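Student: Counting from 0, one number per residue, gives the positions in the sequence shown under numbering that gives the first Met the number 0.
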Amino acid sequence: MSVISFRTGGCSMKHSFSFFFLVSFFVLAGTCPAAELPMALDQKALQTIFSGPEKMHYSISWSGGIKIGDLYLTLSPVDSGDGLAITAKVTDYGVFHFFYPVNDTFVTFIKGPRYLPYRYEVHQLEGGHVNTHRLTIYDQERLTVVYQKNDEPQKKYSLTGTAYNEFSSFFITRALRLTPEKEEIVPTFVDEKRHEVAVKDLGTEIRKTLFGSVDTIKVLPEMNFKGLYDKDGETMFWLTNDECRIPVEINSKIMIGSLVAELVEYSNPSCSRAENKTR
């Protein structure tokens with residue numbers, strides 16, 4: 000999840016591909032359990048996903064037909080050796096470039112055994128002339144978050160526990176030990192608050208993907224926040240049912256139709272399914 004924005008006349012379509020994201024890509028009308036339990040993680044999936052480097056390229060279309068943009072997600076080691084970096088880049092496509100050019104980059108720095116975020120930077124160039132920089136610093140030990148937009152005064156928030164951001168929560172969700180009988184909770188800091196996001200396993204499906212017809216896990220995150228960009232309706236995504244947990248498709252309902260992100264390119268040397276696959 001990573002933003003695609005398109006504005007024509009007095010209307011706007013805004014969508015964030017951040018998981019909680021993608022990104023945030025997930026805003027659902029649902030409730031979360033009151034009690035937060037420790038996340039159950041699949042250690043094999045955790046090791047495969049976060050071994051890096053991993054690259055994913057999604058083609059984004061409106062209602063599965065008209066292409067409107069591309070989303071690039073990469074997970075790679077930080078040069079300083081301090082954890083990993085999740086980089087998301089969103090670009091517009093075709094005629095939409097003339098209505099509202101988009102060239103946004105989101106970088107989340109994560110570390111530790113649960114790959115929690117410690118730094119998050121957003122660089123946005125929208126409309127061809129508006130340049131915005133957002134910086135968020137997470138102190139997971141002192142349970143504080145400091146946010147600053149451009150040169151504006153900093154804002155400080157207190158947390159009731161550790162938390163992910165939209166992109167890091169999307170990646171850690173892939174490593175959850177999902178079962179249809181149980182919801183998992185992913186704590187996520189969005190919209191100036193820490194939310195407990197319930198993640199549901201809706202069962203398995205055979206879907207046509209970049210890798211052919213494969214067995215997938217259908218996942219539904221439930222959220223009661225809107226994240227960086229407004230959206231309405233539920234979001235679902237499909238993960239390969241193996242240790243790679245590759246997100247092969249993301250479908251998010253909006254006010255008119257839906258936005259579909261389809262995986263068209265993938266590489267991860269640690270994934271047994273494919274080292275480098277392109278459609």
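We put the beta carbon where it would ideally sit given N, CA and C, even for glycine.
These numbers were taken from a predicted model, which means no experiment stands behind them.
1. Measuring straight from C-alpha to C-alpha, what distance separates Thr159 and Arg193?
2. Would you mind sorting Thr208 into buried or exposed? The rule is 16 or more other CB atoms within 10 Å of its CB.
3. For Met55, list the residues DSSP reports as bridge partners.
4. Taking the alpha-carbon positions, what's the Phe166 to Glu204 distance?
5. Which same chain residues end up closer than 6 Å to Leu135 when comparing Cβ atoms and leaving out the 5 residues on each side of it in sequence?
6. Compute the distance between the beta-carbons of Trp237 and Ile253, then report whether it is under 8 Å.
7. Using the three-state DSSP reduction, which class does Arg193 fall into: helix, strand or coil?
8. So, with DSSP's three-state summary, where would you put Glu165?
9. In terms of residues, what are the limits of the alpha helix (DSSP H) holding Ala39?
10. Look at the alpha carbon of Val263 and the alpha carbon of Leu70, and state the distance between them as a whole number of angstroms.
11. Contact defined as beta carbons within less than 8 Å: I believe Leu40 pairs with Arg176. What is the distance between those atoms, to the nearest angstrom?
12. DSSP three-state call for Phe49: helix, strand or coil?
13. Would you list the residues sitting across from His132 in a DSSP beta bridge?
Tutor: Reading it off the structure:
1. 7 Å
2. buried
3. Leu72 and Tyr265
4. 25 Å
5. Per the sequence shown, the amino acid found at residue 135 is Thr instead of Leu. Closer than 6 Å at Cβ, skipping near neighbours: Tyr119 and Tyr146.
6. no
7. strand
8. helix
9. Note, Ala39: premise wrong, no alpha helix (DSSP H); not H, not E.
10. 10 Å
11. 6 Å
12. coil
13. His122
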